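Chemist:
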Amino acid sequence: MITRKEVNRNWSSCFRDAARRRGLRTVSGWAYNDDGAFVATVSLLVGVPSDPLRVHWDCGIKPLAVDDVLWAAFMPKEQFSAAKRRSLRVDGAFSSSPLEIGGGTHAVSLKADPEGVVGAVLDDFESLRAEFVRAAPGPSEYLEFVRRATPPGATPQDLLRKALALEVAGCSAEAVALLEDALARGECGPMGGPDGEVFELLIRWVRAEHPEV
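So the sequence shown is residues 154 to 366, counted in my numbering.
1. Write down every uninterrupted run of the beta strand (DSSP E) in the stretch 240-310 whose length is 3 residues or greater and which is fully enclosed by it, in chain order.
2. Which class does E353 belong to by DSSP, given the choice of helix, strand or coil?
3. Please state whether the Cβ-Cβ distance between G332 and I356 is less than 8 Å.
4. Using DSSP's beta-bridge definition, name the partner residues of N186.
5. Does the separation of the CB atoms of V329 and K315 fall below 8 Å?
6. Between which two residues does the beta strand (DSSP E) containing C212 stretch?
7. Mapping the DSSP letters down to three states, classify L177 as helix, strand or coil.
8. Taking the CB atoms as reference points, tell me whether V192 and L223 lie closer together than 8 Å.
9. Determine contact between the stretch 260-267 and the stretch 198-207, defined as no fewer than three beta-carbon pairs at a distance below 8 Å.
10. Starting from V201, follow the alpha helix (DSSP H) in both directions and report where the run begins and ends.
11. Taking just the CA atoms, how far does G255 sit from E284?
12. Assuming F227 contacts L354 (C-beta within less than 8 Å), just tell me the rounded distance between them.
13. Sort out for me which residues DSSP pairs G346 with in a bridge.
14. Examine the Cβ distances between the stretch 300-308 and the stretch 229-245 and report whether three or more of them are shorter than 8 Å.
15. What's the C-alpha gap between L241 and T156?
16. Mind checking S166: buried by the 16 CB within 10 Å criterion, or exposed?
17. How big is the Cα-Cα spacing for S196 and G213?
18. In terms of residue numbering, what span does the alpha helix (DSSP H) encompassing E327 cover?
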């Protein structure tokens with residue numbers, strides 16, 4: 154009987170190798186494209202061994218600038234190498250969640266060769282990434298997608314993503330207002346550290362950068 158560990162290893166290896174052949178970088182279970190303006194990510198999640206086997210994938214995207222703002226506000230003393238910054242954007246605990254732009258589930262035979270599904274997933278990822286970048290080439294357009302994707306009662310991570318998108322799009326006053334409203338409701342953000350909670354630190358940083366706010 155095929156174990157879950159064997160299934161995961163087989164699919165993970167195929168996914169990593171196929172992504173690298175396409176010129177994508179990989180970290181942990183992610184493949185990603187960093188074009189200097191946006192980082193787009195795609196991952197596979199293989200279900201429990203069964204026949205059919207269910208393989209879920211999802212992909213997201215964000216401007217590099219959102220994490221630059223977050224790190225400047227939350228970890229101002231940290232100095233990261235270029236490679237470390239790439240890794241943190243994709244797999245770091247202290248990073249903005251990307252905006253989801255696609256995903257799906259494939260049901261395949263437990264003994265199927267992963268190559269076909271992995272190739273289809275990467276094709277879809279590259280197509281979705283290119284389509285999004287054409288539709289949202291800069292921070293202002295990205296912000297409009299984030300606005301539509303942030304529902305009432307959004308999670309702290311969603312609020313952080315929106316606040317960062319507002320800041321990099323030049324809407325600093327709106328970013329501060331959003332965060333202050335969250336603090337008034339007793340929400341302090343999805344991460345904290347020795348210097349404070351992320352919403353408070355981000356407000357402080359934005360006001361220091363933009364005294365008029």
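A virtual CB, placed ideally from N, CA and C, is assigned to each residue, including glycine. Values in this document were obtained by computation on a predicted structure and should not be read as measured data.
Modeler: Reading from the atomic positions:
1. Counting only runs of 3 or more, we get 252-261.
2. On the sequence shown, residue 353 is found 200 positions in, with the first residue counted as 1. Helix, per DSSP.
3. For the purposes of this step, residue 332 is taken as the residue at position 179 of the sequence shown. For the purposes of this step, residue 356 is taken as the residue at position 203 of the sequence shown. Reading the sequence as shown, one finds Leu at residue 332 and not Gly. Yes, the pair counts as a contact, with Cβ atoms nearer than the cut-off.
4. Working through the sequence shown from its first residue, we reach residue 186 at position 33. BP columns for N186 point to A193.
5. Here residue 329 corresponds to residue number 176 of the sequence shown, with the count starting at 1. Here residue 315 corresponds to residue number 162 of the sequence shown, with the count starting at 1. Between V329 and K315, the CB-CB gap reaches or exceeds 8 Å.
6. By one-based count along the sequence shown, residue 212 stands at place 59. In the DSSP assignment, C212 falls within the beta strand (DSSP E) that extends over 206-216.
7. As a first step, residue 177 must be located in the sequence shown, where it is residue number 24. Of the three classes helix, strand and coil, the one that applies to L177 here is coil, per DSSP.
8. The residue you call residue 192 lines up with position 39 of the sequence shown. The residue you call residue 223 lines up with position 70 of the sequence shown. Taking C-beta atoms as the reference points, V192 and L223 fail to come closer than 8 Å.
9. Yes, since at least three Cβ pairs between the stretch 260-267 and the stretch 198-207 fall closer than 8 Å, the two stretches touch.
10. Start at 1 with the first residue of the sequence shown, and residue 201 comes out as number 48. Where V201 is concerned, there is no enclosing alpha helix (DSSP H), given that its DSSP letter is neither H nor E.
11. Counting from one through the sequence shown, the residue named residue 284 turns up at place 131. Counting from one through the sequence shown, the residue named residue 255 turns up at place 102. C-alpha separation (whole angstroms): 11 Å.
12. Here residue 227 corresponds to residue number 74 of the sequence shown, with the count starting at 1. Here residue 354 corresponds to residue number 201 of the sequence shown, with the count starting at 1. Yes, they are in contact, since the Cβ atoms of F227 and L354 sit about 5 Å apart, within 8 Å.
13. Locating residue 346 in the sequence shown gives position 193, where the first residue counts as 1. DSSP lists G349 as partners of G346.
14. Touching, no, given that fewer than three Cβ pairs across the two stretches are closer than 8 Å.
15. Here residue 241 refers to the residue found at position 88 of the sequence shown. Here residue 156 refers to the residue found at position 3 of the sequence shown. Between the alpha carbons of L241 and T156 lies a gap of roughly 31 Å.
16. Counting from one through the sequence shown, the residue named residue 166 turns up at place 13. Exposed.
17. For the purposes of this step, residue 196 is identified with residue 43 of the sequence shown, where counting begins at 1. For the purposes of this step, residue 213 is identified with residue 60 of the sequence shown, where counting begins at 1. S196 and G213 have their C-alpha atoms roughly 9 Å apart.
18. Within the sequence shown, numbered from 1, the residue matching residue 327 stands at position 174. Start and end: 325-337.
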